[in-house]
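*Asks:* In this note's numbering, the protein residues as written are -11 to 226.
Even for Gly, the Cβ is constructed at its ideal location relative to N, Cα and C.
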């Protein structure tokens, strides 16, 4: 987690220049908020979103214990889970699910420096659209700018993690047992690709969750600075 925390610090530091562009768009906005307060408030919101949500996913059980993002079986193997449980192999099915989520947890810290790079590319127009956009405008921006790079970073880590925790053996055992049953047809999904995409979906989902909270729930603006800055986006379109 020390590595993750350091990456957060880098993310926030490198974001300041672009956040200043947002601040200068609302000088003496009429809401009693100065340029520097807008800068700091947006920085604080980004910090809260990354630290509160994304870094949690990098912890053990970050995915597995979170019902919103827990990775289940791919469609091709959903019938495997039911079949195994029907014949009394619940423990084997549970083990298979856990290793998928562990692989995602191993990879997710790679998202933080990629988000930092995306923020550096925010233009003046981007900044205005994000602050005054819809309830997931920032998440949508990050998704459009980072999805492919995150896939490229996540996939080899997830592949390695699946090997490290014995997933290859576990899933080989599952598929072998399943395919040996006379009532089934053979399946052979690409698990690393599936887990990578599910892990990415979880990252963006949790960022969107926190963004919507700050935008829509005044009580989620837990500092006076956040309350003042996001009051701007509460106003009718200017």
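Could you give the DSSP three-state label for residue 178: helix, strand or coil?
*Replies:* As a first step, residue 178 must be located in the chain shown, where it is residue number 190. If DSSP states are grouped into helix, strand and coil, residue 178 belongs with coil.
*Asks:* So, are the CB atoms of residue 196 and residue 124 less than 9 Å apart?
*Replies:* As a first step, residue 196 must be located in the chain shown, where it is residue number 208. As a first step, residue 124 must be located in the chain shown, where it is residue number 136. Contact flag set, yes.
*Asks:* So for residue 216, helix, strand or coil by DSSP?
*Replies:* As a first step, residue 216 is located in the chain shown; it is residue number 228 there, counting from the start. In this structure, residue 216 counts as helix in the three-state DSSP scheme.
*Asks:* Please state whether DSSP places residue 101 in a helix, a strand or coil.
*Replies:* In the chain shown, counting from the first residue as 1, residue 101 sits at position 113. Helix.
*Asks:* In whole angstroms, what separates the C-alpha of residue 183 from that of residue 61?
*Replies:* On the chain shown, residue 183 is found 195 positions in, with the first residue counted as 1. On the chain shown, residue 61 is found 73 positions in, with the first residue counted as 1. Between the C-alpha atoms of residue 183 and residue 61 there is a straight-line separation of about 9 Å.
*Asks:* Using 10 angstroms around the beta-carbon of residue 119, count the other beta-carbons present and answer buried if the total reaches 16, otherwise exposed.
*Replies:* For the purposes of this step, residue 119 is taken as residue 131 along the chain shown, with counting starting at 1. By the C-beta density criterion, residue 119 is buried, having at least 16 other C-beta atoms within 10 angstroms.
*Asks:* Would you tell me roughly how many angstroms separate the C-alpha atoms of residue 57 and residue 97, rounded to the nearest one?
*Replies:* The residue labelled residue 57 in the question sits at position 69 within the chain shown. The residue labelled residue 97 in the question sits at position 109 within the chain shown. CA-CA distance, residue 57 to residue 97, rounds to 15 Å.
*Asks:* How is residue 144 classed by DSSP in three states: helix, strand or coil?
*Replies:* Walking along the chain shown from the start, residue 144 turns up at place 156. In this structure, residue 144 counts as helix in the three-state DSSP scheme.
*Asks:* Is the separation between the beta-carbon of residue 81 and that of residue 162 shorter than 9 Å?
*Replies:* Against the chain shown, residue 81 aligns to sequence position 93. Against the chain shown, residue 162 aligns to sequence position 174. The answer is yes: Cβ separation under 9 Å.
*Asks:* Helix, strand or coil for residue 9, going by three-state DSSP, please let me know.
*Replies:* Looking up residue 9 in the chain shown gives position 21. Here the model assigns residue 9 a pLDDT of 45, short of 50, so the residue's position is not dependable, and the following value carries that caveat. Three-state DSSP puts residue 9 in a helix.
*Asks:* Within 10 angstroms of its Cβ, does residue 18 collect 16 or more other Cβ (buried), or is it exposed?
*Replies:* The residue labelled residue 18 in the question sits at position 30 within the chain shown. At residue 18, the pLDDT of 48 sits below 50, so the modelled position is not reliable; the number obtained from the coordinates is stated separately. It counts as exposed.
*Asks:* Pick helix, strand or coil for residue 38, following the three-state DSSP scheme.
*Replies:* By one-based count along the chain shown, residue 38 stands at place 50. Helix.
*Asks:* May I ask you to verify whether the stretch 41 to 50 touches the stretch 85 to 93, counting CB pairs closer than 8 Å and requiring at least 3?
*Replies:* yes
*Asks:* Alpha helix (DSSP H) containing residue 96: first to last residue?
*Replies:* As a position in the chain shown, residue 96 is number 108, starting the count at 1. Careful: residue 96 lies outside any alpha helix (DSSP H) and carries neither H nor E.
*Asks:* Under the rule that 16 or more other beta-carbon atoms within 10 Å means buried, what is residue 169, buried or exposed?
*Replies:* In the chain shown, residue 169 corresponds to position 181, counting from 1. So residue 169 counts as exposed.
*Asks:* What did DSSP end up calling residue 123 once you bin it into helix, strand or coil?
*Replies:* Numbered from 1 along the chain shown, position 135 holds the residue referred to as residue 123. Residue 123: coil per DSSP, three-state reduction.
*Asks:* Starting from the C-beta of residue 221, find all residues in its chain whose C-beta is less than 7 Å away, skip the five residues before and the five after it, and write them out in chain order.
*Replies:* The count along the chain shown starts at 1 and reaches residue 221 at position 233. Excluding residues within five positions, the ones whose Cβ falls inside 7 Å are 119, 120, 203.
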